Structure formats: structure tokens, C-alpha cells
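Student: Protein chains in written order, with my numbering: chain A, 1 to 439; chain B, 1001 to 1309. Glycine residues also receive a C-beta, built at the ideal position from the N, C-alpha and C atoms. Bear in mind the structure is a predicted one, so any value in this text is a computation, not a measurement.
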Amino acid sequence: MSKLKLIIQREFIAKVRNKSFIVMTFLSPLIMVGMGALVYFLMQKNDEKVKKIVYVDNSGMFSKEDFKDSKTIHFTDYTALGVEETKKKVEEGNYYGALIIPKQDSLELLAKSIEFYSKDSPGMSVMSSMENKIETKIRNEKLTNYGIDLEKIKASKINTDIKMFNFSGEESSKLINGLKIGVGAIAGYFLMMFVMIYGTSVMRSVIEEKTSRIIEIIVSSVKPFQLMLGKILGNASAGLLQFFIWGIILFIISIVASSIFGVDMVEMQTARVPAEQMEAVKQATEGDKGQMIIQEIFKLPILKMFVLFIFYFLGGFMLYSSLFAAVGAAVDNETDTQQFMLPIMLPLILGVYVGFATVINDPHGSIAVLFSHIPFTSPIVMLMRVPFGVSWYELAISMALLLVTFVFMVWLAAKIYRVGILMYGKKPTYKDLYKWLKY
Amino acid sequence: MKNLLEVNNVVKKYGDFTALNNVSLHIPKGSVFGLLGPNGAGKTSLIRIINQITMPDSGSVILDGEALAPKHTAQIGYLPEERGLYKSMKVGEQALYLAQLKGLSKSEAKKRLKYWFEKFDISAWWNKKIEELSKGMAQKVQFIVTVMHNPKLLIFDEPFSGFDPINAQLIAKEILQLREEGATIIFSTHRMESVEEMCDEIALIDKSNKILDGKLDDIKRQFRTHTFQVGLETENPKEVEEKLRKSFEVFPADFKLLNDSLTMNVKLTEGNTSNDLLSFLTSRGEVQHFVELIPSANDIFIQAVNKNS
Chain A
1 MSKLKLIIQR
11 EFIAKVRNKS
21 FIVMTFLSPL
31 IMVGMGALVY
41 FLMQKNDEKV
51 KKIVYVDNSG
61 MFSKEDFKDS
71 KTIHFTDYTA
81 LGVEETKKKV
91 EEGNYYGALI
101 IPKQDSLELL
111 AKSIEFYSKD
121 SPGMSVMSSM
131 ENKIETKIRN
141 EKLTNYGIDL
151 EKIKASKINT
161 DIKMFNFSGE
171 ESSKLINGLK
181 IGVGAIAGYF
191 LMMFVMIYGT
201 SVMRSVIEEK
211 TSRIIEIIVS
221 SVKPFQLMLG
231 KILGNASAGL
241 LQFFIWGIIL
251 FIISIVASSI
261 FGVDMVEMQT
271 ARVPAEQMEA
281 VKQATEGDKG
291 QMIIQEIFKL
301 PILKMFVLFI
311 FYFLGGFMLY
321 SSLFAAVGAA
331 VDNETDTQQF
341 MLPIMLPLIL
351 GVYVGFATVI
361 NDPHGSIAVL
371 FSHIPFTSPI
381 VMLMRVPFGV
391 SWYELAISMA
401 LLLVTFVFMV
411 WLAAKIYRVG
421 ILMYGKKPTY
431 KDLYKWLKY
Chain B
1001 MKNLLEVNNV
1011 VKKYGDFTAL
1021 NNVSLHIPKG
1031 SVFGLLGPNG
1041 AGKTSLIRII
1051 NQITMPDSGS
1061 VILDGEALAP
1071 KHTAQIGYLP
1081 EERGLYKSMK
1091 VGEQALYLAQ
1101 LKGLSKSEAK
1111 KRLKYWFEKF
1121 DISAWWNKKI
1131 EELSKGMAQK
1141 VQFIVTVMHN
1151 PKLLIFDEPF
1161 SGFDPINAQL
1171 IAKEILQLRE
1181 EGATIIFSTH
1191 RMESVEEMCD
1201 EIALIDKSNK
1211 ILDGKLDDIK
1221 RQFRTHTFQV
1231 GLETENPKEV
1241 EEKLRKSFEV
1251 FPADFKLLND
1261 SLTMNVKLTE
1271 GNTSNDLLSF
1281 LTSRGEVQHF
1291 VELIPSANDI
1301 FIQAVNKNS
């Protein structure tokens, strides 16, 4: 047992002392935040440019009232110039594009015959903005034709906001649902990244021992299984340490950031609410918008998620890193690992995709439930589901399955590892690996 | 207990390939035991079994009267042929780590390392990384980590490779010194001159089988051909040679003498003794040179392996 401790210690220290570990630990949270800020900044810059669009309305139905200028799109009426002349002008001049509305006998035909000409393909947001404007106008026109009073329609508009509760009396909202998706997705994604980064680190460490040829000296003192386990646990502890440091740094950054960006998020939420209701919301949340977000975050089962994150991280990491260790033992150098890496990476990536595709739509749907029980994907998918509340018995089954599988995989990988570390030369095939299991 | 290590009927198979076929060895306490054999004969497989890196399929290994068990790793020191150290780890830290894996406490390991580092005059390297050292320097560190826990059994696989002649001499001296202090040494090498110099007993393994073992002197006697190198100063060498052929087997000489003598290799035939040969020679001239050809370890190795194939 004390030998295992020695190995864990050595692996941990070797990992933590590494310059790249120190740089990764302290710089990457800053880089992540910096990248986020940069993307945000660039997006704003991108939208700031005003797009000049001209329209030729031969139907005589539309007016400047219908094409109101927005912050980024300005409309100009070129009807007087005629279709051909306008197109020419737009092509030569500094315009975004030309909207051509022909004269048609019926509104249905008109709706289908409007055209837009531009030098480059137009952005989605521009197109949908124009389509919205035209749709509203034609719908209103039809309603008037049916003899319906538009004023009454406007007056009848009402907004509902269903309050969501679960049976333990927790209130939820769209905001907190969004947060749950976000937190779950980040946790799942993080886990995948961790398993990949630290799994490859285990693999590299095995290859290093093989190529430096110290391996034979080590295994004459300790059992190969002890060495493999020590490596995995040493790297896992380094990973956990890094995670804790990141957690602390990100927590500090998020508290600082939420007091700045929190305001924007609340405004995004209220943007679709009609003006009269907006006033009420604004009054209700005035002053503590940033705090509201933080309060919502604290309503999540944070402790439970934290404990589960640690469990699934360790379980998933043990499962995958034993495979990485077996791959490292099987080859002589890193370039030979490619062929064996793919089958390991696939379930990890699948986990993230399944998580993003299914959990967000329906966290308790059958696919999400299934994949949160399969041990190779459960660490990722289950972590994504946890913020939405997963029953204890489901968690217990998933965790038990993971535990059993990882014990089995560590045992299997150890058999390959034991033989592989002393094999040099030819790159083994899958058939060779199978043979090694029986040595 | 006469033998420190007994290997009894060990069989090791890798799939369809038999690496060791019913191999038995008895290694006396305090001896230097040469484990010889061509490449791929099964030496490394056997050494790995003794080190408990792999397990035999059948057969047993007894160390100092006890069946080999994990606790025995602390009593064995192993210098593999393909060796190395952690490149980016400091020499001292690394040696401490390896010593602790062999069961020494940290303070004890420090004390012993200090002794060895001073002995080899390398104390200044303690905080250097292995990648900063030359190959020969790294080999010295490697030797120290093999012996520092005072093992009962030391296994050296090609210990001199990578050393210049001066350092090889130093290491050879240390190995013999360790034997003086009571260690038993298994010595695997292809350098037959060092086998002659150092080994008391040898075993020869070829194609997974042990084909020869015993005291080096006994084996030499066994491989004796009763051939003598002869140098004779005589008036008519042709006549002497012809007469000699009637009672002995005569081969062309493979040695040189300083003066112009008749030189040849003569093998005694059935019923002849060396005295018969000598009296024949003295009666026909002046004997300049008369030496029995003792088979070298090299000859024995080649002969035994060729016979086995």
C-alpha cells in the first residue's frame, strides 16, 4: 500500500511541477474569460455596421411606415427609380441589397413573388427581419379585407407566463431552466475535456516510462497493476487540484462579472414583453438584477452537483484512463496511438452530443435516461441531467453500473498493460492485444 | 542452505511460443553465476521470472529457502539490459524514489545514497536532471540504484554496456566487492572475457532449454580436447611432422612464436598421454613451446550452441 502511495505521490508531483500544468491552471480561466469577452466584442462590432437596403414597391401597398429603420438596417424607398435602374444602382453603390415587390392580383401571389437582390448572400437575421415586416403587413391587409378591426386585435393581445413548480415546492422559471441547461452542459463538457486531457496525460506518462526504459526497473519493485493504478490516481489528483483552482478563480470572476453582465441578461429576458408590462418587471427587479441571477444559481442543488461531479469525474476518469494506459503500454511512441485512440474518444464525444441534443429538449426523455446509465457516456449525460433533478434510485443504478464497469475495465486494461510495457518493436494489432489478455 | 536461488522446472509460454522449457538452476550462495545464451534464448524471460515481473506457467523459484513472494523484491537488485531513468527527474529525487520502492525508509535511503554518491565521486550531480548527464554518468547512477538496498541477490544484465574501459573496470571491481560482502550475483552477458574473469559457475540457455551448467572449471574440463600447442626447434621439420602424424592428430598452428620453429597443434589420440607427446618431441629437437589448449568460455559457448542446433 505504501508503494502505491509513493507512486501516486511521484506522478502527482511530476504532473503538478510541469510548467504546462502551472500555465494551464492559472492562465486558462483568464484566457477563457478573455475569449468570451473578445467574441462578445466582435459580435457587437459586426452588428454595428448599418446595412442600407432599398425597396421598389410596385404593388403600392407598402409605405415607409412598414419599413421602419432599425439600429442596423436602414430602408429607403426607390420605387420612383424603377426596378432595373435600382438594381443597377445597388450593384454599383454602397448598398446591402434591393427588395423588389411586384404588383400582383392577389395577396397570396404577392407573398410568394417578392424578391431580394444583393451582392453577397444576405444574413439570416436580415432576411427574417424583412420577411417579418412583409408578413405582418400582408396579414393585416387580409384581416382588414375580412372586415376585422385591427385595433381590436391589438387590444386582445395578452401575454401569459406559466409559473413552473416541482413537487418539492421549488419554483422555477425560464431563467432558471436556462441556467440548469447551462450549468449541466458546462459540467458535462468539462468532464469530457478533463477525461481527454488527463487521460492522454496518463498515456504519455506510460509511453515515457516505456521509451526511457525505466519501466523494467520499476516493475521489478512493484506490480504493474500498482504502477498503473498509481499513475491513474496521481493524475486524477492533479486534475482535481486543477479543477478546484479553476473553480475558485471562475467563482471570483463570475461574481465580478455577474454584477456587470447580470443587467444585460435581465433585459434580454424582458425584451419580448410589451412595454406596459416591462415597466412593472423593471420596477420589481430594479436594483438587484445581478443578485437575482446569483440567487437563482444558488437555488440549484449545488452541493449535490458538486459531489456528483467529483464522483462521475473519478469514475469516468478511472474508466477511460485505464484504457489510455493500456494504449500507452501497447505502443512505443505517441504517433502509433492514433488507431487505438479513436474507439476511446468516440463514446466520449457521443456522450457530449447526446447530452446536448436530448437533455436540453427533455432531460427525462428515454434517450437521455438510457445514455445516463451506459457507463461510457453516463458521467457526461448524467451530469447534464442532474440540475433538472434525477431521482436517487436512478443515480444509484447509474453510479453502480459505472463502478462495476470501471473495476472491470481497470482489470482488463491492466492485463494489456502488464504485457505491453515490456513489448518493444512492432506496433501491435487488435489481435495482438486480444492475445495479450490470455498471457 | 547452500543455494541462494533455486529455479525448479520452470516453464513459460507466450501463446504458442515456449520461452522456457523446464529450466532448472541452482545458484550457490556467494557465487558469481554466469547466465549465458544467444539472443532470444530465454535469458530475459528467466530473469523476469526471478524478478517477479512475470509469473512462470509451472515450476517454482526458491529464494533463500522460501518460495518467491512479493516481499522478496526488496532482496533483489536488478540492472536490466535495456535500462533508463526518468529523464526530467532530478538524480537525487529519482534515486530516493527508487530506493523507497525497494522498501528503504527515506532517511535510510538518503544515508546510503550519500555513501554511494561519495564513493563514485558524483555528489555534485544530486540536483541535476538525468537528461543533463552523459550516458556513462547515467549508468553510474543506474548501478547505484541497483545495489543501494544491499540485496542478497543481484542480477546484472550486460552491466558493462555503455561504460568506457576505465568505468567498466570500476564496476567489475564493485561487483566482486559486493560478492565479498556476501551478495550472490547473476551475471548475464555476451562478453565472454568477462565471464572468464568473473564467473564461478555458468549456465547456458539455448532455444528455451538449459543445455549446460556447472562450475566453469568443470565445464572446461568437460570440453577439453587434449590438444597442445607445440613449438619445436629441429633440423628437419618435415620428417618430424610426418612421424608425429603416425601417433597423434596434427593440425596447422594458429599461434606465432618469436623464433623460426616448427609450430603446430597436436591432439592426443586414444592411449596417449601428454608425457608421450613430450618425450617424442624432446627426442627430436628442442621444445620451445608446450601448452595445453584450454577451451575458452567463448569456444564452449559456440560449440554447445552449434551442437544444440
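#1: Is A/Leu-433 helix, strand or coil when you go by DSSP?
#2: Would you kindly work out how many angstroms separate the C-alpha atoms of A/Lys-282 and A/Ile-101, rounded to a whole number?
#3: Residues of chain B with a CB under 9 Å from the CB of A/Ile-218: which are they?
#4: By DSSP, does B/Glu-1197 sit in helix, in strand, or in coil?
#5: Between A/Gly-184, A/Ile-197 and A/Tyr-353, which lies nearest to A/Ile-387 when the distance is taken from Cα to Cα?
#6: What is the DSSP secondary structure of B/Met-1264, counted as helix, strand or coil?
#7: In chain order, what residues of the same chain lie with their CB nearer than 6 Å to the CB of B/Thr-1018, ignoring the 5 residues before and after it?
#8: Which residues in chain A sit within 9 Å of B/Leu-1085, going by Cβ to Cβ distance?
#9: How far does the beta strand (DSSP E) with B/Lys-1013 in it extend, from its first residue to its last?
#10: Return the residue from the list B/Gly-1092, B/Trp-1116, B/Ala-1095 and B/Leu-1004 that minimises the CA-CA distance to B/Glu-1066.
#11: Which residue comes first and which comes last in the beta strand (DSSP E) that contains B/Pro-1252?
#12: Does DSSP put A/Val-386 in a helix, a strand or coil?
#13: Mind checking which residues open and close the beta strand (DSSP E) that includes B/Val-1230?
#14: Which of helix, strand or coil does DSSP assign to B/Pro-1028?
#15: What is the residue span of the alpha helix (DSSP H) that A/Ala-357 lies within?
#16: Helix, strand or coil: how does DSSP classify B/Glu-977 here?
#17: Going by CA-CA distance only, name the one from B/Lys-1307, B/Asn-1051 and B/Ile-1122 that's closest to B/Lys-1102.
#18: Please report the residue range of the beta strand (DSSP E) in which A/Ser-118 lies.
#19: Return the bridge partner residues of B/Thr-1018 from the DSSP annotation.
#20: Chain A beta carbons: is any one of them nearer than 8 Å to that of B/Thr-1189?
#21: Can you check whether the C-beta of A/Arg-204 is within less than 8 Å of a C-beta belonging to chain B?
#22: Going by C-alpha distance, which of A/Glu-334, A/Ile-218, A/Ala-80 and A/Val-202 is nearest A/Phe-324?
#23: Can you give me the C-alpha to C-alpha distance between A/Met-341 and A/Phe-356, rounded to a whole angstrom?
#24: Who pairs with B/Val-1240 in a beta bridge, going by DSSP?
#25: Can you look up A/Val-222 in the DSSP assignment and give me helix, strand or coil?
#26: When the Cα atoms are used, what is the spatial distance from B/His-1289 to B/Val-1230?
#27: Give me the residue from B/Leu-1262, B/Phe-1255 and B/Leu-1232 with the minimum Cα distance to B/Ser-1279.
#28: Taking only beta carbons into account, state which residues of the segment 216-242 of chain A come closer than 9 Å to chain B, listed in chain order.
#29: Alpha carbons only, please: which of A/Ser-259, A/Ile-134 and A/Lys-19 is nearest the one belonging to A/Ser-63?
#30: Which residue marks the beginning of the beta strand (DSSP E) containing B/Ser-1058, and which one marks its end?
#31: For B/Thr-1054, does the count of other Cβ atoms within 10 angstroms reach 16, so buried, or fall short, so exposed?
#32: Is B/Ala-1041 a contact residue of the ligand HEM, with contact defined as CB to any heavy atom under 7 Å?
#33: Is the beta carbon of A/Val-206 less than 8 Å from the beta carbon of A/Ala-14?
#34: For A/Met-35, count neighbouring C-beta atoms within 10 Å of its own C-beta (all shown protein chains included) and say buried if the count is 16 or more, exposed if not.
#35: Mind checking A/Gly-93: buried by the 16 CB within 10 Å criterion, or exposed?
#36: Which residues share a DSSP beta bridge with A/Lys-137?
Tutor: Let me lay it out:
#1: Counted from its first residue, the first sequence places residue 433 of chain A at position 433. Of the three classes helix, strand and coil, the one that applies to A/Leu-433 here is helix, per DSSP.
#2: Residue mapping note: residue 282 of chain A aligns to position 282 of the first sequence, counting from 1. Residue mapping note: residue 101 of chain A aligns to position 101 of the first sequence, counting from 1. Only weak support is given to the placement of A/Lys-282: the predicted model assigns it a pLDDT of 48, under 50, and the value that follows is read from those uncertain coordinates. Looking at the two C-alpha atoms, the distance is approximately 40 Å.
#3: Your numbering for residue 218 of chain A matches position 218 in the first sequence. By Cβ distance, chain B contributes Leu-1098 and Leu-1101.
#4: The count along the second sequence starts at 1 and reaches residue 1197 of chain B at position 197. Helix at B/Glu-1197.
#5: In the first sequence, residue 387 of chain A corresponds to position 387, counting from 1. First, the residue type needs correcting, since residue 387 of chain A is Pro and not Ile in the sequence shown. Looking at the Cα atoms, A/Gly-184 is the closest of the given residues.
#6: The residue given as residue 1264 of chain B occupies position 264 in the second sequence. Judged by DSSP in its simplified three-state form, B/Met-1264 adopts strand.
#7: Counting from 1 along the second sequence, the entry for residue 1018 of chain B is found at position 18. These residues qualify, in order along the chain: Ser-1208.
#8: Taking the first residue of the second sequence as position 1, residue 1085 of chain B is located at position 85. In chain order: Ser-212, Arg-213, Ile-214 and Ile-217.
#9: Against the second sequence, residue 1013 of chain B aligns to sequence position 13. Here the beta strand (DSSP E) through B/Lys-1013 covers 1003-1014.
#10: On the second sequence, position 66 is the one that residue 1066 of chain B refers to. Measuring from the Cα of B/Glu-1066, the nearest candidate turns out to be B/Leu-1004.
#11: Position 252 of the second sequence, counting from 1, holds the residue named residue 1252 of chain B. Its beta strand (DSSP E) spans residues 1249-1252.
#12: Here residue 386 of chain A refers to the residue found at position 386 of the first sequence. Note: A/Val-386 maps to helix in three-state DSSP.
#13: Counting from 1 along the second sequence, the entry for residue 1230 of chain B is found at position 230. Per DSSP, B/Val-1230 is one residue of the beta strand (DSSP E) stretching across 1227-1233.
#14: On the second sequence, residue 1028 of chain B is found 28 positions in, with the first residue counted as 1. Of the three classes helix, strand and coil, the one that applies to B/Pro-1028 here is strand, per DSSP.
#15: Mapped onto the first sequence, residue 357 of chain A falls at position 357. Where A/Ala-357 is concerned, there is no enclosing alpha helix (DSSP H), given that its DSSP letter is neither H nor E.
#16: There is simply no residue 977 of chain B to check, as chain B begins at 1001 and stops at 1309 in what is shown.
#17: For the purposes of this step, residue 1102 of chain B is taken as residue 102 along the second sequence, with counting starting at 1. Minimum Cα distance to B/Lys-1102 is reached at B/Asn-1051.
#18: Position 118 of the first sequence, counting from 1, holds the residue named residue 118 of chain A. Segment 115-118, the beta strand (DSSP E) holding A/Ser-118.
#19: To locate residue 1018 of chain B, count along the second sequence from 1; it is residue 18. Per DSSP, B/Lys-1013.
#20: For this step, residue 1189 of chain B is matched to residue 189 along the second sequence. Not flagged as an interface residue toward chain A: B/Thr-1189, since no C-beta distance is shorter than 8 Å.
#21: In the first sequence, residue 204 of chain A corresponds to position 204, counting from 1. No - not a single Cβ of chain B is within 8 Å of the one on A/Arg-204.
#22: Residue 324 of chain A sits at position 324 when you count from the first residue of the first sequence. Checked all of A/Glu-334, A/Ile-218, A/Ala-80 and A/Val-202; the closest Cα to A/Phe-324 is A/Val-202.
#23: Translated into the one-based positions of the first sequence, residue 341 of chain A becomes position 341. Translated into the one-based positions of the first sequence, residue 356 of chain A becomes position 356. For A/Met-341 and A/Phe-356, the distance between alpha carbons rounds to 23 Å.
#24: Taking the second sequence and counting its residues from 1, one reaches residue 1240 of chain B at position 240. None; B/Val-1240 has no bridge partner.
#25: Within the first sequence, the letter at position 222 stands for residue 222 of chain A. DSSP places A/Val-222 in coil when its eight states are reduced to three.
#26: In the second sequence, the residue the question calls residue 1289 of chain B occupies position 289. In the second sequence, the residue the question calls residue 1230 of chain B occupies position 230. Each residue's alpha carbon lies about 5 Å from the other.
#27: Counting from 1 along the second sequence, the entry for residue 1279 of chain B is found at position 279. Residue B/Leu-1232 is the option with its Cα nearest to B/Ser-1279.
#28: Glu-216, Ile-217, Ile-218, Val-219, Ser-220, Ser-221, Val-222, Lys-223 and Pro-224
#29: Residue mapping note: residue 63 of chain A aligns to position 63 of the first sequence, counting from 1. Closest option to A/Ser-63, Cα to Cα, is A/Ile-134.
#30: As a working mapping, residue 1058 of chain B is identified with position 58 in the second sequence. Here the beta strand (DSSP E) through B/Ser-1058 covers 1058-1063.
#31: Taking the second sequence and counting its residues from 1, the one referred to as residue 1054 of chain B is at position 54. Buried is the call here.
#32: Only the bare structure without any ligand can be found here, which leaves the ligand HEM out of the picture.
#33: For this step, residue 206 of chain A is matched to residue 206 along the first sequence. For this step, residue 14 of chain A is matched to residue 14 along the first sequence. It is not a contact, given that the beta carbons lie outside the stated cut-off.
#34: As a first step, residue 35 of chain A is located in the first sequence; it is residue number 35 there, counting from the start. Exposed is the call here.
#35: Taking the first sequence and counting its residues from 1, one reaches residue 93 of chain A at position 93. Answer is exposed; the Cβ neighbour count stays below 16.
#36: For this step, residue 137 of chain A is matched to residue 137 along the first sequence. Paired residues: none, contrary to the question.
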